[in-house]
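For the sequence shown, our numbering gives the first residue as 9, with consecutive numbering after it.
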Amino acid sequence: EKASNISLYSCRRIQNAGALFPLFFLLPEGLCDTIELYPTQSGRNGIHMNYDVIIIGAGGHARVIADIVRCRGDRLLGFLDDRATEGVGEIPVLGTVKDYVNYPDAHFIIGIGNATVRRRVAEEMNGVQWYTAIHPAAVVSGMNVCIGPGTAVMAGAIINPGATIGEHCIINTGAIVEHDNVIGDYVHLSPKAALGGTVRIGELTHVGIGAVVRNNIQICGMCTVGAGAVVVENINSRGIYIGVPAREMV
């Protein structure tokens with residue numbers, strides 16, 4: 009019996025023809041019939057993988073992902089980092105990023121907050137098995153939600169029906185992704201950011217802490233929406249947008 013149609017990997021790429029969104033988005037291809045469900049702390053259903061996991065990076069964001077891996081019951085092998093040499097507690101640094109080739113059976117997730125760096129690392133590691141980290145205390149609808157590989161969903165985040173989230177995104181603590189949102193690859197929704205229904209956000213955009221985006225808004229790729237900003241009009245060009253209502257910073 010199908011218990012959910014949250015799809016982590018059954019996604020197809022399409023290109024939006026509109027001038028506002030020349031970037032790629034992930035859209036669901038169909039039901040995912042083979043996932044195993046586990047009860048989350050919020051009483052909802054999530055997805056449990058039972059994988060050996062290695063995190064790229066060993067900073068603060070990586071430690072938050074490490075906590076998710078452990079809360080899910082997966083096995084955290086350690087970190088790969090080009091600078092850090094000391095692990096976090098008993099979790100070791102296994103080597104530098106290029107050492108990923110020594111772990112062909114592992115699943116990887118990039119624990120780096122900077123979206124541009126995250127994309128570069130993902131492209132350099134092309135062909136690996138990516139891990140999608142969903143905290144047990146996140147609330148993810150079982151109705152037509154698609155979450156791309158390599159994405160992290162933190163504790164308290166809410167993802168509602170029909171939402172599509174791209175690859176290697178960060179849906180941070182307490183962020184709200186409302187129904188029918190389309191979130192491009194490498195987007196970062198900061199803690200407590202809230203998106204109304206049917207919002208579209210292009211890849212590599214960063215939405216700051218506590219920012220609010222009104223329903224039916226489109227934000228192009230490679231933008232920054234500042235902390236506490238309120239977006240009530242479409243954002244069509246790259247830039248930094250701050251204030252209430254949000255305006256481009258000049």
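No residue lacks a Cβ here, since even glycine has one placed at the ideal position from N, Cα and C.
E175 is positioned such that its CB atom lies no closer than 7 Å to that of G192. For H115, there is no enclosing alpha helix (DSSP H); the residue is part of the beta strand (DSSP E) that begins and ends at 115-118. In the same chain as D113, and ignoring 5 residues on each side of it, the C-beta atoms closer than 7 Å to its own belong to D60, in chain order. Counting the other CB atoms within 10 Å of its CB gives G182 a total of 16 or more, which places it among the buried residues.
The DSSP-derived three-state label of E132 is helix. G170 and F87 have their C-alpha atoms spaced approximately 33 Å apart.
Under the criterion of beta carbons closer than 8 Å, N180 and M162 qualify as touching, at roughly 5 Å. Between T93 and V105, the C-beta gap is not smaller than 7 Å, which leaves the two residues out of contact. Cβ neighbours of M230 within its own chain (closer than 8 Å, five residues either side excluded): G210, E211, L212, T213, R246.
Here V252 is near V238, since their CB atoms are less than 7 Å apart. Proximity to Y111 across G95, W138, R128 peaks at W138, based on C-alpha coordinates. Here DSSP, grouped into helix, strand and coil, assigns Y108 to helix. A straight-line Cα-Cα distance of about 24 Å links H143 and Y108. One thing to note: I64 has its Cβ within 7 Å of the Cβ of V129. In this structure, V185 is the residue among V185, V207, V190, D75 with its C-alpha nearest to the C-alpha of K200. Of the residues A70, G81, G95, the one whose Cα lies closest to the Cα of N122 is A70.
Residue state for R222 is assigned as coil, using DSSP reduced to three classes. Annotation for G86: no alpha helix (DSSP H) segment contains it, though the beta strand (DSSP E) segment containing it runs 83-88. By the CB criterion at 7 Å, I155 and T140 fall inside the cutoff. By the C-beta density criterion, T159 is buried, having at least 16 other C-beta atoms within 10 angstroms. Residue environment for T124: exposed (fewer than 16 other C-beta atoms within 10 angstroms of its C-beta).
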